[in-house]
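Those protein sequence lines, which keep their order, are chains A and B.
Quick note, the first sequence lines up with residues 1 to 161 if you use our numbering.
Quick note, the second sequence lines up with residues 1001 to 1161 if you use our numbering.
We put the CB at the ideal spot given by N, CA and C, even for glycine.
Since the model is a prediction, treat every value here as computed from it, not as a measurement.
Number of protein chains: 2
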Amino acid sequence: MRFFDDIAIGQRRELGSFIFTADAIKNFARQFDPQRFHLDEEEGRKSLFGGLAASGWHVGSVCMKLLVADGQRLAKEALARGEEIAVWGPSPGFRDLRWIKPVLAGDTISFASEVESVRPSEKRPEWGIVQARNTGTNQRGELVFSFLATAFVPRRTPASD
Amino acid sequence: MRFFDDIAIGQRRELGSFIFTADAIKNFARQFDPQRFHLDEEEGRKSLFGGLAASGWHVGSVCMKLLVADGQRLAKEALARGEEIAVWGPSPGFRDLRWIKPVLAGDTISFASEVESVRPSEKRPEWGIVQARNTGTNQRGELVFSFLATAFVPRRTPASD
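Dropping the structure here:
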């Protein structure tokens, strides 16, 4: 994880991709979103989705999984260079989440995160606030998922400047 | 599920509650959000959350689960009355999701959904667009989670008017 001081508007991270298999789609749906078009191929085909479709919360949760893995990768790289690791604060939420196109069984979704805004926190000078647009794109290059996340990111302590 | 014509601003549904046990929190985290404060009590206590905390995506997914169960309950009631069931369209997304307070192991969160706006779709006269504020409140009455969902809801066909 990076420090606020190392983050700039426009920075983009490719987070990796995930294949939404029928099994993965149904497994999530059984736990959290048991609607027919998330549980059964035929019901999916008959629905507006046109096929067995992943729950939108599944798409978001997979994006979270890849964001966490990317953060852990960055932390390991920083450790390997002998650098201090930034511990990010909890996310207060996000804005403007869009499920733009269905994610159907067999689709491979590639996720990315791009910094949209950075500003120091007024109340807590040791923190900065970063907004990043997280997106998912399918194997045909179509944007299927997008949300604007907000994170509290620590600033480097004066001692390490 | 109700038809657009039956939905009015201010209508509120209590969706039921869910106990976020340590096991449920860790099980979700292992699958989708393996950050330390979601996986381990001691790490949670040391974090800004102050305890083993549920992933925000877990809280959202549980809210989805209860929304679906509520819709299925409404559909069964309508069927029992011999009424037609409205089949809602896919959600295009939502706005303004807030994780207001941590959800910690043992917390019971009660979810509710309240209609904030209704309008006919301009492009598709057979559909209306409903915005509902979905919320989660803990056992101390504190609002912990909130988002504004958008749904396409069918209008009654002229034949059934």
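| query | Nearest chain A C-beta to B:K1076 closer than 8 Å, yes or no? | reply | no
| said: Quick check on the burial criterion: 16 or more other C-beta atoms within 10 angstroms. Buried or exposed for A:A53? | reply: buried
| task | Determine the burial state of A:V87: buried for a count of at least 16 other Cβ atoms within 10 Å of its Cβ, exposed for fewer. | result | exposed
| message | Looking at the secondary structure, which residues open and close the beta strand (DSSP E) in which A:G44 lies? | response | Unbroken run through A:G44 is the alpha helix (DSSP H), 41-46; no beta strand (DSSP E).
| message | Against chain B, with Cβ distances strictly below 8 Å, would A:R30 count as a contact? | response | Chain B, which has no Cβ nearer than 8 Å to the Cβ of A:R30, makes this no.
| field | Distance, B:K1026 Cα to B:L1015 Cα | value | 24 Å
| request: Note the first and the last residue of the continuous beta strand (DSSP E) segment covering A:A132. | output: 127-137
| said: Using the three-state DSSP reduction, which class does B:F1004 fall into: helix, strand or coil? | reply: Reduced to three states, the DSSP call for B:F1004 is helix.
| Just by C-beta distance, which residues in the stretch 85-106 of chain A are closer than 9 Å to chain B? | V87, G89, P90, S91, P92, G93, F94, R95, D96, L97, R98, W99, I100, P102
| request: Identify, in the order they occur along the chain, each residue of the same chain with its Cβ nearer than 8 Å to the Cβ of A:A159, setting aside the five sequence neighbours on each side. | output: Below a pLDDT of 50, predicted positions are generally treated as unreliable, and A:A159, at 45, falls in that range; no measurement from the model is reported.
| Interface partners of A:F49 on chain B, CB under 7 Å | The answer, in chain order, is P1090.
| field | Residues near B:F1094 by beta carbon distance below 7 Å, same chain, minus five either side | value | F1147, L1148, A1149, T1150
| field | Selection of the stretch 1012-1041 of chain B by Cβ proximity to chain A, strictly under 7 Å | value | F1032, D1033, P1034, Q1035
| message | Under 8 Å, with one C-beta from each stretch per pair, do the stretch 1071-1087 of chain B and the stretch 94-109 of chain A reach the 3-pair mark? | response | no
| query | Could you give the residue range of the beta strand (DSSP E) that holds A:S113? | reply | 108-120
| said: Cutting at 6 Å between CB atoms, please list the residues of its own chain near A:F37, excluding the five before and the five after it. | reply: E43, G44, S47, F49, A53
| request: Would you please verify whether the beta carbon of A:M1 is less than 8 Å from any beta carbon of chain B? | output: Chain B contact via Cβ: absent.
| request: Indicate whether A:A80 and A:F20 have their beta-carbon atoms separated by less than 8 Å. | output: For A:A80 and A:F20, no; Cβs fall outside 8 Å.
| said: Which residues in chain B have a C-beta closer than 8 Å to the C-beta of A:S121? List them in chain order. | reply: Within chain B, no residue comes near A:S121; the closest Cβ sits about 14 Å away, beyond 8 Å.
| Which word fits A:Q139, buried or exposed, when buried means at least 16 other C-beta atoms lie within 10 angstroms of its C-beta? | Burial call: exposed.
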